[in-house]
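Under my numbering, the residues of the sequence shown are numbered 1053 to 2296, in order. Beta carbons: idealized from backbone N, C-alpha and C, even for Gly. As structure tokens, the structure follows; a few thoughts come after it.
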Amino acid sequence: MLTKFETKSNRVKGLSFHPKRPWILASLHSGVVQLWDYRMGTLIDRFDEHDGPVRGVHFHKSQPLFVSGGDDYKIKIWNYKLRRCLFTLLGHLDYIRTVQFHHEYPWIVSASDDQTIRIWNWQSRTCISVLTGHNHYVMCAVFHPKEDLVVSASLDQTVRVWDISGLRKKTVAPGGEDVMRLPQMNSDLFGGGDAVVKYVLEGHDRGVNWAAFHPTLPLIVSGADDRQVKLWRYNESKAWEVDTLRGHTNNVSCVMFHARQDLIISNSEDKSIRVWDMSKRTGVQTFRREHDRFWILSSHPEINLLAAGHDGGMIVFKLERERPACTTHGSTLYYVKDRYLRTYDFTTQRDNPLMSIRRAGSAGANQGPKTLAYNPAENALLITSDVDGGSYELYSIPKEAARGDTAPDAKRGLGTSAVFIARNRFAVLDKATNTIQIRNLQNEITKKVPTPCSTTDAVFYAGTGMLLCRSEDKVTLYDMQQRSSITELATPFIKYVVWNSDMSMVALLSKHAIIIADKRLGGAQTVHETIRVKSAAWDDSGVLLYTTLNHLKYCLPNGDSGIIRTLDSPLYVTRVTGGVVHALDREGKNRSIQVDPTEYMFKLALLQGRYDAVVNMVRGGGLCGTAIISYLQQKGFPEVALHFVTDERSRFNLAVQCGNIEVALQAAQALDDKDTWYRLGVEALRQGNYNIVEFSYQKTKSYERLSFLYLIAGHTDKLRKMLKIAEMRSDVMGRFHNALYLGDVKEQVRILEESGQLPLAYVAAATHGLSDDIERIASKLGGALPELPDEDTACLMQSPVPILREDNWPLLTVSKGFFETLAAKGAAATTTSASATTASGAGKGRATAAAAAAMELDESALEGAGWGADELDLGMGAENGEAEDALEGLGGEGGLEGWEMEDLDLPADVVAEAAAAAAGGAAAPFTAPAPGVPASQRWLDRRTQLAAEHAAAGSWATAMSLLHRQLGASSFEPLKPYFMDLYTASFASLPGLHGAPSVLAHIDRTWTSDASTQPPTSPTLLYSLTALEDSLKAAYKLVTEGKFSDAMRSFTRMLHVIPLTVVESRKEVDDVKELLTICREYHTALRCELKRKELRDDDMARNAELAAYFTHCRLQPVHLALSLRSAMTIFFKLKNFATCATFCRRLLELNAGAKIAEQARTVLAACEKNPTDAVKVNYDPRNPFDLCAITFTPIYKGSKYVEDPYTGARFVPDCKGEISPLGDFVRIGADASGLYISSSQQTR
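What follows is the structure in structure tokens.
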């Protein structure tokens, strides 16, 4: 037995495998039905509505349903996706033993202790037939997998076979409802008509516990309390006993045929599982447990898995290994299938049997070939198996062997491992003596070598004369000639060893890990997997491709791994050539899989420094996605990512990371937002690029930083202009700081005087001996003159005179990397003319600044630039011309001299015509101006990522695309009215003359009367944070008043409006996100409460659960107090006093009103007298949980869940892909970047 999964729980009475997914249902004696993932070993869900033991359970073949039957006389049909019971079938009068879905019709068969078998139509939810005839408990009833038969077993010592073809004809035949109405009445009265007894099998001496059909043959197997397993055969007219299998020493609980082999499996209360050979009628294997009796068996319908339930839980197991023994040499695969050694040529794809292999007479189940080793020099094979506790067989293959010839007698011996280590030698591990035997091809011992470790339990080939010896927690590289250990490597328990073609690299495969190392076990890299590792093979390029139960993956020599594709069933990789993966499946069939090696070849080339191959792959366009970009960033190759990233935000981030200040500048100019310029300034300052630092500070209007930069760089002329700009901005502190930096005492005194600081102005003027200013200020102060300090050691505080006025810091000349050189070559053509222009400038540092300024020289941009008149004219009396004068020279050498604008020698006639046109405009023909770009298009040309601005501009498709990318939005119908409102609010309609159409004027958000000529930048938006806060207050009021439906509509509207709101600062973004969290919590809580009010009055348990969940939503204290009081009342009426007491205590901790507190104390006192719960509910107040907003069931801490990417609401995994009920426009589990409502946010 190969145990794949095991659980510990109460006694398991029913089991059922899911036909497709790796799931198994286990029904327990405690009344709980558990849903397990046996591949991952995790509990997916539990269902506990039955009262008492649940003895039968079964998955539907195609629908997301399962059925359960228990000792409460109820049959329940469940939907595991919805995680709830859909309905209950009532009719049985005693315990229900088994339930099963029909493979084709919407039927369920159930067996009960009321001595009847019932067949139900689960779609119409009615009983369609009652099979009576047994006179004791009916322990089991099963549909035939293909025919219209039912077999049942009863404690009346009989097995009955029922013919239900009449029931099928009545249900399926056209017009059957009218024709068969009278027989239906007779059936209800007398229990006959639709199903009749075809055979009664008598032969057991005591009650029969189980009976089952063979999947294809006319056979029935039964097990009974007489400790016997009986095999029966039937035909159209009769049924008879074939044989009896004896061996169990207690009651046989369950028995069944193996789905794929001629085997019978039975289990018993004697704590054993027995496997019987159906043809020989003898026992093959016996598996025992020490303390647990077995009760139930189940077989997987598709794959070779069995499950057994016992007193302490259940086990999922296989009877034998399914991995074919195989080995590869050159282009040939040698493998064992159906007792034949076969060869498969990878080149021609020809599969031939080489010779038959005789199986040892003592070989039983799970004792087939385990490993295969091939010696090409001597054309010999070594096959190991678990026969006799571990043995090997040595075959010499004749060179002229015909297909399918019987192999010559094998040379056999005992040993747990056997591998070739030289041309005519092989090593065998003898665990009994803890030695390694060296044998020749005549199977004679030539040498014995002690193992390097006393716990060595396997050896693997590691090159000529070398072995890898496995022990409990390590592998040892052992030199057989020197009899010494070369090196050791701590590893998990290694199962397989895979070498590459030149034996330079090795992969050590354990159950859940892969260790890659060199031939001396150095440089080990470990890859961990959560699912079992099955096989591996090396690619010619040095990449390891390996399989798990459901994935084909790759692993690079440095330990990086990734998924290539998903597998439908487990495969065992035998060879990898180019883009083709050869593998064997569990049936021993050769498979070839085409894969795309681009991703791992790209990563390998990057790892090996083959940058030319990297560039070719990038240019080929086969790589894309954020995964590759993040990989390149993680591995320190951001400059590579720059080659195939077109998104400006990503280009900027990558350029900053790799220090490419020129690319970062280009991206910043394209993005043109404050945060980007700030980050560019930080990076430029780190590199000492003064010109770009200055440019960035100008863009972000960082006046203080800019002044300090001019101070430390010694640019006093620019400091004077900063002083003038501060004066125009009415920035008193900025003016004073700039005056201090300049050492301009007169300006300091003037600033102090203008700002009303007359005493300070007097002290400054007197200290510095400014007599004119002293007299004027003294007259203003009157007689209250401040005392001047008398300091003999005083000295003049003056800024140092700049000696050097360097621009950029000097940098060391370093050789450029491969990708930087490539980028420089690509950009050479576009920069030649610019280089020629800047070469005539002031110097190398100035050239960079000139290039930056040239890229920004745009008339429309200058009008609204950070230093433009519109932003400096603050009503302080400065005209536009003065503002331009103030800014003149900050980025260059002053004036326009640097542009070499000389007078042109134009022809006289051209000058005369131009003068005439200027003097008399009527003389020139009128030319209509070219139409401009609409304001709405200019709004979009800014490349804004704000969905609200796209919607307001009328570009709804891009708005929806942005919402899909940022929030995972998929259904936009709920947002349509808000899109329409945004669009309508962004323009005004002006009536024209009579008969003329109205004029549409787009309303710009940044428009002011002082900047009436400024081009449009962003649309006016309808929704704001203030309006949202007002809506929240109104919704709170509705909740307090108990108008939950109205409150729900209000919170839903806020969820729709929030993505279409735009704010300015990071703080406002945080406020909106906090408001979103409040909406999520209230929306979920209100839907939970409305759901509770829709329940029937008799569904008190579910009513109480929803009331309890309501109290765990994060609400305002006043609303939380109301929800706690409601839950307290409901649980008290339900007589769940223990849980009710927890609500009382939480209510008292809230410091609610005196009346509520008094009521809570009274109820708490009553509950503490009898702290018990009368009704079981799915609620644990001590275990933290989130509430699924669809199923309204708790998602306890540590459980799997999926999220709504917009609100962050959590849902059970089955809800993935559904539309979130929180707004009804976001898809659950979708990949999304997050809420984006402000240009101050950075998207990554």
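Beyond the five residues adjoining it in sequence on each side, residue 2202 comes within less than 8 Å, by CB distance, of 2169, 2172, 2173, 2176 in the same chain, given in chain order. Measuring C-alpha to C-alpha distances from residue 1370 to each of 1333, 1325, 1409 identifies 1325 as the nearest. Between the alpha carbons of residue 1077 and residue 1133 lies a gap of roughly 14 Å. Collapsing the DSSP output to three states places residue 2223 in coil. In the displayed model, residue 2184 falls within a helix according to three-state DSSP.
DSSP places residue 1704 within a helical segment (H, G or I) once states are collapsed to three. Secondary structure note for residue 1126: its beta strand (DSSP E) is the uninterrupted segment 1126 to 1131. Assignment of beta-bridge partners to residue 1271 by DSSP yields 1285. For residue 2114, the three-state secondary structure derived from DSSP is coil. Assignment of residue 1303 by DSSP, reduced to helix, strand and coil, places it in the coil class. Between residue 1827 and residue 1853, the alpha-carbon positions lie close to 31 Å from each other. Residues 1803, 1807 of the same chain have their beta carbon placed closer than 7 Å to that of residue 1784, with the five preceding and five following residues left out of the count. Around residue 2096, the same chain offers 2138, 2141, 2142 as residues with beta carbons nearer than 7 Å, after the five sequence neighbours per side are excluded. Around residue 1709, the same chain offers 1685, 1690 as residues with beta carbons nearer than 8 Å, after the five sequence neighbours per side are excluded. Look at residue 1218 here: in three-state DSSP terms it is helix.
Shortest Cα-Cα distance from residue 2110 to any of 1792, 2098, 1863, 2130 involves 2130. Taking the Cα positions, residue 1115 is about 11 Å away from residue 1070. Taken through DSSP and simplified to helix, strand or coil, residue 1697 comes out as coil.
For residue 1508 and residue 1533, the gap between their C-alpha atoms comes out near 18 Å.
Its chain contains 1564, 1565 as the residues whose beta carbon lies nearer than 7 Å to that of residue 1580, once the 5 sequence neighbours on both sides are disregarded; these appear in chain order.
Under the three-state reduction of DSSP, residue 1506 is assigned to coil, being neither helix nor strand.
When DSSP states are grouped into helix, strand and coil, residue 2199 belongs to the helix group.
Put simply, the segment 2046 to 2056 does not touch the segment 2012 to 2020. Fewer than three CB pairs are less than 8 Å apart. In this structure, residue 1510 lies away from residue 1536, with their beta-carbon atoms at least 8 Å apart. In this structure, the CA atom of residue 1603 is about 27 Å from the CA atom of residue 1390. Residue 2190 is not a Cβ neighbour of residue 2136, given a cutoff of 8 Å. When DSSP states are grouped into helix, strand and coil, residue 2204 belongs to the coil group. For residue 2269, the three-state secondary structure derived from DSSP is coil. Three or more Cβ pairs drawn from the segment 1293 to 1312 and the segment 1334 to 1349 lie within less than 8 Å of each other, which places the two stretches in contact. The DSSP-derived three-state label of residue 1366 is strand. The segment 1095 to 1113 makes no contact with the segment 1390 to 1409; the number of CB pairs closer than 8 Å stays below 3. Per the C-alpha coordinates, the member of 2227, 2182, 2164, 2231 positioned closest to residue 2198 is 2164. Here residue 2285 carries a coil assignment [DSSP, helix/strand/coil]. Residue 1137 has 1130 as its beta-bridge partners, per DSSP. Distance from the CA atom of residue 1310 to the CA atom of residue 2152, rounded to whole angstroms, is 45 Å.
Under DSSP, residue 1152 takes part in a beta bridge, and its partners are 1161.
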